[in-house]
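When we follow the numbering used here, the leftmost residue of the sequence shown carries the number 1226, and every step to the right adds one. All C-beta atoms, glycine included, are put in the ideal place defined by N, C-alpha and C. Input: a single structure, listed below in structure tokens.
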Amino acid sequence: MSATSVQEAPKKAVATNAIKFLFGGLSGMGATMVVQPLDLVKTRMQISGAGSGKKEYRSSLHCIQTIVSKEGPLALYQGIGAALLRQATYTTGRLGMYTYLNDLFREKFQRSPGITDSMAMGTIAGACGAFIGTPAEVALVRMTSDGRLPVAERRNYTNVANALARITREEGLTALWRGSLPTVGRAMVVNMTQLASYSQFKTYFRHGPLQMEEGIKLHFCASMLSGLLTTITSMPLDIAKTRIQNMKMVDGKPEYRGTADVLLRVARQEGVFALWKGFTPYYCRLGPHTVLTFIILEQLNQGYNKYVLGSNKSTGL
């Protein structure tokens, strides 16, 4: 049989990089709709006591009660537009870049990435996503914290577009990337810790004493423990990010000089453990958000593969 008579097998249809980026953003946005109140509580508690050291809230529950009684139940979703925009930028960039790097690694080395490889790719993806998402993060922090300020001091952004426009007009374009250094640093720590610990916990639950099978239960348990480690390691940087992005100019000078200044002043004025202020809502948000993000992502992938590509095989991360 001649070579010309041999027909090449048709190439298998696969999701494009654009679809991978799109699904990453949509999955993060879907999860955010569920956990946004916890993110708002976390932000309020991190800003509480800034400067004076006086605590405004005794606990996460007290914070929720205070917000609902003073601002109404819908205030728990204050800044939801900015939160969704953040996911549309940060999560799209983070998951899309990680998927791209993961596929590139498999193609080049013809093997699955190891833990160290995944940590490195997660660090790069986190940094890229965080830099892209910083403007939305700045708007989110300001919108979620506005309700705690005296009426005369509130910024009163009407929506995320108004917030971005006013920040640019009143403080300059670079203000949209205020706190980008701790934001990127936090994202690198979060992604590196999440990927490595999630993989280890998942392996332990599957092959250890519990012998758990692949499924939502396994993903939930591994994600919650991974979220605990990630919360412990990333919270000080998250505190610094939140304080810098929410700061105002005092006598023409910024309230904080940088990440190190925030960490030192918080530890000195409010105590070392204040660096983990808002731990409970942060942890309760991070774990479920991770689980929901990947469950939604898997469903989107399965639906796309089944109805568009005509395949029942999942191509999630």
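Assign residue i to buried or exposed, taking buried as 16 or more other Cβ atoms, counted over all protein chains shown, within 10 Å of its Cβ.
{"i": "Ala1228", "result": "Bear in mind that a pLDDT of 49 at Ala1228, under 50, signals an unreliable position, so the model cannot answer this."}
{"i": "Met1258", "result": "exposed"}
{"i": "Arg1510", "result": "buried"}
{"i": "Leu1286", "result": "exposed"}
{"i": "Tyr1532", "result": "exposed"}
{"i": "Ser1422", "result": "buried"}
{"i": "Ala1388", "result": "buried"}
{"i": "Thr1317", "result": "buried"}
{"i": "Arg1267", "result": "Arg is not the amino acid found at residue 1267; the sequence shown has Lys there. The residue in question, Lys1267, is buried, as its Cβ has 16 or more Cβ neighbours within 10 Å."}
{"i": "Thr1381", "result": "Sequence check: residue 1381 is Asn here, not Thr. That one is exposed."}
{"i": "Phe1334", "result": "exposed"}
{"i": "Gly1339", "result": "exposed"}
{"i": "Gly1535", "result": "exposed"}
{"i": "Gly1512", "result": "buried"}
{"i": "Phe1519", "result": "buried"}
{"i": "Thr1341", "result": "exposed"}
{"i": "Glu1362", "result": "buried"}
Whole angstroms is fine: what's the gap from residue i's alpha carbon to residue j's?
{"i": "Ile1357", "j": "Pro1434", "result": "42 Å"}
{"i": "Val1491", "j": "Gln1470", "result": "15 Å"}
{"i": "Gly1541", "j": "Leu1522", "result": "Because Gly1541 sits at a pLDDT of 49, beneath the cut-off of 50, its placement in the model cannot be relied upon, and the point is left open."}
{"i": "Leu1517", "j": "Asn1242", "result": "22 Å"}
{"i": "Gly1496", "j": "Gln1290", "result": "25 Å"}
{"i": "Ile1441", "j": "Arg1431", "result": "13 Å"}
{"i": "Pro1479", "j": "Leu1310", "result": "26 Å"}
{"i": "Leu1525", "j": "Phe1246", "result": "12 Å"}
{"i": "Thr1456", "j": "Val1415", "result": "8 Å"}
{"i": "Ile1349", "j": "Ser1294", "result": "42 Å"}
{"i": "Pro1461", "j": "Ser1284", "result": "18 Å"}
{"i": "Gly1297", "j": "Arg1373", "result": "13 Å"}
{"i": "Ile1292", "j": "Asn1530", "result": "43 Å"}
{"i": "Gly1250", "j": "Ala1313", "result": "5 Å"}
{"i": "Leu1485", "j": "Val1475", "result": "Note that residue 1485 is Ala in the sequence shown, not Leu. Answer to the nearest angstrom: the Cα atoms are 19 Å apart."}
{"i": "Leu1453", "j": "Arg1391", "result": "36 Å"}
{"i": "Arg1493", "j": "Pro1407", "result": "19 Å"}
{"i": "Met1270", "j": "Leu1398", "result": "28 Å"}
{"i": "Ser1448", "j": "Ser1424", "result": "9 Å"}
{"i": "Leu1326", "j": "Tyr1315", "result": "16 Å"}
{"i": "Val1260", "j": "Gly1347", "result": "23 Å"}
{"i": "Gln1419", "j": "Leu1450", "result": "9 Å"}
{"i": "Gln1232", "j": "Glu1439", "result": "Because Gln1232 sits at a pLDDT of 49, beneath the cut-off of 50, its placement in the model cannot be relied upon, and the following sentence gives the value as read from the coordinates. Rounded to whole angstroms, Gln1232 to Glu1439 spans 39 Å at the Cα level."}
{"i": "Val1487", "j": "Phe1498", "result": "14 Å"}
{"i": "Ser1337", "j": "Pro1506", "result": "35 Å"}
{"i": "Gln1436", "j": "Glu1281", "result": "45 Å"}
Going by Cα to Cα distance, which pick from the options is closest to residue i?
{"i": "Met1417", "options": "Val1385, Pro1513, Leu1320, Glu1395", "result": "Leu1320"}
{"i": "Ala1345", "options": "Glu1296, Ala1388, Phe1330", "result": "Phe1330"}
{"i": "Met1368", "options": "Leu1462, Lys1427, Thr1393, Ala1308", "result": "Ala1308"}
{"i": "His1514", "options": "Glu1362, Asp1264, Ile1244", "result": "Asp1264"}
{"i": "Ser1370", "options": "Leu1301, Ser1284, Val1475, Met1460", "result": "Leu1301"}
{"i": "Thr1467", "options": "Gly1255, Val1475, Lys1502", "result": "Lys1502"}
{"i": "Gly1304", "options": "Asn1384, Ser1459, Cys1353", "result": "Asn1384"}
{"i": "Leu1443", "options": "Lys1427, Leu1450, Thr1314", "result": "Lys1427"}
{"i": "Gly1582", "options": "Leu1454, Arg1379, Ala1364, Phe1334", "result": "No statement about residue 1582 is possible, as the shown extent of the chain runs from 1226 to 1542 and does not include it."}
{"i": "Ala1465", "options": "Gly1410, Tyr1508, Phe1519", "result": "Gly1410"}
{"i": "Ala1400", "options": "Ile1520, Thr1359, Asp1463", "result": "Thr1359"}
{"i": "Gly1477", "options": "Pro1375, Glu1332, Glu1396", "result": "Glu1396"}
{"i": "Gly1483", "options": "Glu1362, Gly1404, Ser1273", "result": "Gly1404"}
{"i": "Thr1273", "options": "Ala1352, Met1437, Val1366", "result": "It is worth fixing the name first, because residue 1273 is Ser in this sequence and not Thr. For Ser1273, the nearest C-alpha among the options comes from Val1366."}
{"i": "Tyr1323", "options": "Leu1299, Tyr1429, Cys1353", "result": "Cys1353"}
{"i": "Ala1355", "options": "Asp1463, Leu1500, Phe1504", "result": "Asp1463"}
{"i": "Phe1504", "options": "Thr1458, Asp1328, Cys1446, Ala1412", "result": "Thr1458"}
Does DSSP classify residue i as helix, strand or coil?
{"i": "Tyr1532", "result": "helix"}
{"i": "Thr1383", "result": "coil"}
{"i": "Leu1435", "result": "coil"}
{"i": "Tyr1315", "result": "helix"}
{"i": "Thr1241", "result": "coil"}
{"i": "Ser1284", "result": "coil"}
{"i": "Pro1298", "result": "helix"}
{"i": "Gly1397", "result": "coil"}
{"i": "Gln1303", "result": "coil"}
{"i": "Ser1273", "result": "coil"}
{"i": "Pro1360", "result": "helix"}
{"i": "Pro1375", "result": "coil"}
{"i": "Arg1391", "result": "helix"}
{"i": "Gly1410", "result": "helix"}
Measuring only from the beta carbon, is residue i closer than 7 Å to any heavy atom that is part of the ligand COA?
{"i": "His1514", "result": "The ligand COA is not part of the structure shown, which contains no ligands of any sort."}
Can you list the alpha helix (DSSP H) stretches of 4 or more residues lying completely in the segment 1463-1526, in chain order? As far as the segment 1463-1526 is concerned, its whole alpha helix (DSSP H) runs of at least 4 residues are 1484-1495.
Length-filtered (3 minimum) beta strand (DSSP E) runs lying within the segment 1318-1354: Restricting attention to beta strand (DSSP E) runs no shorter than 3 residues, the segment 1318-1354 encloses none.
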